[in-house]
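Q: Under the working numbering, think of the first position of the sequence shown as 0, with each following residue one higher.
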Amino acid sequence: MGITREASRCSCPLPGAASKIPPLRRDQFPCPSRKAFYNDMHRKPATLTVDGLQIVTEAYLPDGHGPFPVVCLCHGIPHGSRDANDGGYPLLAERCCREGFATMIFNFRGTGESEGNLDMPGWARDLTVVLDYAVSLPGVDRGRVNLLGFSAGAAVSIYVAARDRRVTAVASCASPADFRILPNMDRAREFINHLRSIYAIRDPDFPPSASSWIDGFSEISPLKWVGCIAPRPLLIVHGEQDDLVPVADAYRLHEKAKEPKELCIIPGAGHRLRRDPRAMDIALDWLKKANNIRSGMPPASLHP
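#1: Between the alpha carbons of I311 and A256, how many angstroms are there, rounded?
#2: Give the range of the beta strand (DSSP E) segment to which N145 is assigned.
#3: Within 10 Å of its beta-carbon, does K43 have 16 or more other beta-carbons around it, so buried, or fewer, so exposed?
#4: Taking V244 and A173 to be in contact with their CB atoms under 8 Å, please state how far apart those CB atoms are, rounded to whole angstroms.
#5: Tell me, please, which residues DSSP counts as bridged to E57.
#6: Look up L233 in the DSSP assignment and give the residues it is bridged to.
#7: Where L52 and S217 are concerned, what is the direct C-alpha to C-alpha distance, given to the nearest angstrom?
#8: How close, in whole Å, do the beta carbons of F107 and H64 come, if the pair is a contact with beta carbons under 8 Å?
#9: Could you give the first and the last residue of the continuous alpha helix (DSSP H) run that contains P203?
#10: Label T48 either buried or exposed according to how many other C-beta atoms from any shown protein chain fall within 10 Å of its C-beta, with 16 as the threshold for buried.
#11: Between R277, A229, P207, which has its C-alpha nearest E239's C-alpha?
#12: Measuring alpha carbon to alpha carbon, tell me which of N145, P61, F190 ends up nearest N290.
#13: Could you tell me the distance, in whole angstroms, from the CA atom of E5 to the CA atom of P207?
#14: How many Å lie between A268 and D275 at the Cα?
#15: Determine which residues share a DSSP beta bridge with I265 and list them.
#16: Which residues in the same chain have their Cβ closer than 7 Å to the Cβ of R188, if we skip the five residues on either side of it in sequence?
#17: Which residue from A161, A153, I191 puts its Cα closest to that of A282?
#18: For the segment 225-236 against the segment 136-143, do three or more pairs of beta-carbon atoms, one drawn from each stretch, fall closer than 8 Å, so that the two count as touching?
#19: Nearest to L194 by alpha carbon, out of E57, L234, P77?
#20: If you check the beta carbons only, do S150 and V169 fall under 8 Å apart?
#21: In whole angstroms, what separates the C-alpha of D284 from that of V236?
Spelled out as structure tokens, the structure:
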């Protein structure tokens with residue numbers, strides 16, 4: 000069975016529909032050498048302040064004058080363990096940069112090296128400030144600002160895009176339609192304890208109100224906001240065998256969204272689509288089309 004795509008039913012099957020797909024590795028990207036690649040890009044770390052918290056970011060900028068479209072990569076809630084063979088978001092940022100995008104990666108509050116505690120409305124504010132910073136960088140095209148989000152990061156991307164007209168396109172991977180994981184206070188407390196165990200909630204007195212914290216998830220729920228993205232384009236990518244977010248959520252979001260929209264269901268894929276080569280090929284190809292970047296064109300040849 001091929002990959003299922005709907006644009007309002009656009010079929011474009013890609014090879015490789017096996018049920019078990021190996022994760023992305025650095026050697027899967029046809030870059031002549033790591034040294035050669037870094038000669039064609041610039042990495043710019045920065046620390047931003049949001050609500051008094053330090054949010055750690057890094058920009059990957061193609062060499063040249065641009066202007067280059069921007070893409071912000073938005074991670075999901077951490078799993079708590081990391082595969083030593085996983086290149087993480089820096090690896091994906093390198094690929095996006097090589098494809099001609101000024102690329103932002105960052106840690107939402109409560110994750111990685113950023114300060115604070117995991118909080119969904121706070122994540123939305125983090126992303127807004129990252130966008131402020133991204134469009135301030137020299138050589139970027141402020142008229143082409145994209146979000147590529149994963150899981151809860153995709154949910155936040157949909158929410159922010161619905162409210163921030165600077166965003167011109169959204170690619171959502173494995174987004175929940177809503178946050179049914181928190182149906183009652185007992186489940187919420189279990190989830191809070193889990194987040195403490197992985198150091199995503201760090202302060203002993205956080206959240207001050209569990210019910211208000213849950214309301215924050217409800218406010219961000221993509222089903223409430225996905226219809227507000229149009230007329231800007233939206234891509235929804237989901238794994239057929241996602242064991243965390245049911246594939247039905249992708250269909251619900253697609254049904255609620257307005258044109259232009261595209262849905263892509265990947266057979267055999269699970270939740271961690273960043274590590275599925277098919278998902279990333281689809282997302283990057285779609286973003287390049289949405290930003291008028293021709294396939295196979297290296298960043299250097301984009302220069303005027």
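Using N, Cα and C, we set each Cβ at its ideal position, and we do this for glycine too. Only a predicted model underlies this, so the values are computations on that prediction, with no experimental measurement involved.
A: With the structure as the only source:
#1: The structure shown does not extend to residue 311, since the chain is modelled only from 0 to 303, so the question has no answer here.
#2: Residue 145 sits at position 146 when you count from the first residue of the sequence shown. Per DSSP, N145 belongs to the beta strand (DSSP E) from 139-149.
#3: Start at 1 with the first residue of the sequence shown, and residue 43 comes out as number 44. Result: exposed.
#4: By 1-based counting over the sequence shown, the position of residue 244 is 245. By 1-based counting over the sequence shown, the position of residue 173 is 174. Correct: roughly 6 Å between the Cβ atoms.
#5: The sequence position of residue 57 within the sequence shown is 58, counting from 1. DSSP, once it has assigned bridges, lists P44, I104 as partnering E57.
#6: Along the sequence shown, read from residue 1 onward, the residue named residue 233 stands at position 234. Paired residue(s): V169, K260.
#7: Residue numbering aside, residue 52 sits at position 53 when the sequence shown is read from its first letter. Residue numbering aside, residue 217 sits at position 218 when the sequence shown is read from its first letter. Cα to Cα, L52 sits roughly 23 Å from S217.
#8: Looking up residue 107 in the sequence shown gives position 108. Looking up residue 64 in the sequence shown gives position 65. The Cβ separation is near 31 Å, so there is no contact.
#9: Translated into the one-based positions of the sequence shown, residue 203 becomes position 204. Premise fails: P203 is in no alpha helix (DSSP H) and is neither H nor E.
#10: By 1-based counting over the sequence shown, the position of residue 48 is 49. T48 is exposed by the Cβ-count criterion.
#11: Residue mapping note: residue 239 aligns to position 240 of the sequence shown, counting from 1. Here the closest residue by C-alpha is R277.
#12: As a first step, residue 290 is located in the sequence shown; it is residue number 291 there, counting from the start. The residue with the shortest Cα to Cα distance from N290 is N145.
#13: In the sequence shown, residue 5 corresponds to position 6, counting from 1. In the sequence shown, residue 207 corresponds to position 208, counting from 1. Distance between the alpha carbons of E5 and P207: 43 Å.
#14: To locate residue 268, count along the sequence shown from 1; it is residue 269. To locate residue 275, count along the sequence shown from 1; it is residue 276. For A268 and D275, the distance between alpha carbons rounds to 7 Å.
#15: For the purposes of this step, residue 265 is identified with residue 266 of the sequence shown, where counting begins at 1. According to DSSP, which records beta bridges pairwise, I265 is partnered with G238.
#16: Translated into positions along the sequence shown, residue 188 becomes position 189. If we look at R188 and ignore the five residues flanking it on each side, its Cβ neighbours are A209.
#17: One-based indexing of the sequence shown puts residue 282 at position 283. Here the closest residue by C-alpha is A153.
#18: no
#19: Counted from its first residue, the sequence shown places residue 194 at position 195. Among E57, L234, P77, the Cα nearest to that of L194 belongs to P77.
#20: Counting from one through the sequence shown, the residue named residue 150 turns up at place 151. Counting from one through the sequence shown, the residue named residue 169 turns up at place 170. Cβ atoms of S150 and V169: not closer than 8 Å.
#21: On the sequence shown, position 285 is the one that residue 284 refers to. On the sequence shown, position 237 is the one that residue 236 refers to. Their backbone Cα atoms lie some 13 Å apart in a straight line.
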